[in-house]
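The numbering used here puts the first residue of the sequence shown at 159, with every later residue one more than the last.
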Amino acid sequence: MEDIKMEESYKPEMLGICPKCKTGNLVKGTLGYTCNHFKSNADKCTFTIFSSYFGKEITEDIALQLIENGETEIFTDLVKKDGGTFTASFRYEEGFIKPNFKNRVMGTKCPVCGDNVEEVTNGFACVSYLKKDEKKKCGFYVPKKIASRPLMQKEIDCLLNGQKTGFLDGFINKKNETFTCRLMLDDSGTVIFDSTLCQCPKCGGNMHIGKKAYNCSNFHNEEIKCDFSIWREISYREISPEEAIDLCEKRITPTLSGFRNKNGNFERKLLINDDFNVIMI
Numbered sequence: 159m160e161d162i163k164m165e166e167s168y169k170p171e172m173l174g175i176c177p178k179c180k181t182g183n184l185v186k187g188t189l190g191y192t193c194n195h196f197k198s199n200a201d202k203c204t205f206t207i208f209s210s211y212f213g214k215e216i217t218e219d220i221a222l223q224l225i226e227n228g229e230t231e232i233f234t235d236l237v238k239k240d241g242g243t244f245t246a247s248f249r250y251e252e253g254f255i256k257p258n259f260k261n262r263v264m265g266t267k268c269p270v271c272g273d274n275v276e277e278v279t280n281g282f283a284c285v286s287y288l289k290k291d292e293k294k295k296c297g298f299y300v301p302k303k304i305a306s307r308p309l310m311q312k313e314i315d316c317l318l319n320g321q322k323t324g325f326l327d328g329f330i331n332k333k334n335e336t337f338t339c340r341l342m343l344d345d346s347g348t349v350i351f352d353s354t355l356c357q358c359p360k361c362g363g364n365m366h367i368g369k370k371a372y373n374c375s376n377f378h379n380e381e382i383k384c385d386f387s388i389w390r391e392i393s394y395r396e397i398s399p400e401e402a403i404d405l406c407e408k409r410i411t412p413t414l415s416g417f418r419n420k421n422g423n424f425e426r427k428l429l430i431n432d433d434f435n436v437i438m439i
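And the structure:
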């Protein structure tokens with residue numbers, strides 16, 4: 159008799175009125191929150207808010223948002239089948255709980271027009287870029303991958319702030335050759351390559367990153383024909399863009415390690431002599 163009294167006094171936890179049938183109550187159970195409306199097999203409601211969707215646990219507060227508002231807050235940590243994450247809210251629609259995909263709004267404003275920037279599937283775009291009205295369309299868009307090279311968050315942050323990135327390796331051109339450059343924005347907000355290093359110490363032109371050397375832009379200028387260059391590899395040691403800039407601006411580098419010859423590793427400074435040749439000292 160005591161067991162029977164306990165069963166009779168038990169009342170399942172009810173969350174609220176079912177948004178589908180508007181008659182039953184959602185009852186918390188092992189699967190989540192299920193409608194308890196049942197008069198017969200022909201007159202019953204099987205609506206359920208399951209305990210999790212896309213790796214997100216549906217708490218009582220989240221379920222209440224669905225019942226009362228028809229949509230939840232936005233979540234940024236929902237998990238796709240491939241393990242990646244995406245941003246969406248959940249909403250009640252036609253008897254089912256469905257994700258309502260949202261673009262994540264970045265904390266940085268558009269460097270071109272000052273509007274909000276959102277993360278989209280393959281990049282970051284000004285909200286005006288996404289508009290269909292061409293007259294109001296902003297050109298700011300940063301792809302997540304450029305010339306086969308994925309961008310790191312700190313590189314994306316530079317561009318979102320309207321700044322040049324550092325010198326980046328690993329880009330691949332149409333000839334399947336790798337190259338190094340900076341990324342920057344043009345006036346329309348389009349990402350462009352910038353291979354400029356600094357001013358040429360010999361003629362005042364621009365030094366650029368070439369395939370095998372850092373070369374002066376005036377090499378093809380018939381009036382100047384500047385032949386100044388710095389090899390990108392000297393004695394089996396790679397000369398970084400930053401070291402090339404230091405050499406051009408100061409005419410001498412600090413002592414650099416990592417050079418090699420048949421006798422082993424050695425250290426040297428690089429110097430631009432009076433004939434504008436790069437030598438070791």
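Backbone N, C-alpha and C define an ideal beta-carbon position, used for all residues, glycine too.
Of the candidates 239, 221, 180, 281, the residue whose Cα lies closest to the Cα of residue 303 is 281. Scanning its chain for C-beta atoms nearer than 7 angstroms, with the 5 sequence neighbours on each side dropped, one finds around residue 220 the residues 230, in chain order. Straight through space, the alpha carbons of residue 317 and residue 284 are spaced by roughly 12 angstroms. Buried is the label assigned to residue 340, since at least 16 other Cβ atoms lie within 10 Å of its Cβ. According to the DSSP assignment, residue 227 belongs to the alpha helix (DSSP H) that extends over 218-227. For residue 276, the enclosing beta strand (DSSP E) covers residues 274-278.
Within the model, the alpha-carbon separation for residue 297 versus residue 346 is close to 5 angstroms. About 15 angstroms separates the beta carbon of residue 330 from that of residue 353, a gap too long to meet the 8 angstroms contact definition. In the DSSP assignment, residue 401 falls within the alpha helix (DSSP H) that extends over 399-408. At the C-beta level, residue 178 and residue 253 come within 8 angstroms of one another.
Out of 367, 207, 344, the CA that lies nearest to the CA of residue 355 is found in 367. Counted as a single uninterrupted DSSP element, the alpha helix (DSSP H) harbouring residue 315 occupies residues 311-318. DSSP places residue 373 in the strand class (E or B) of the three-state scheme. Here the alpha carbons of residue 271 and residue 361 stand approximately 38 angstroms from one another.
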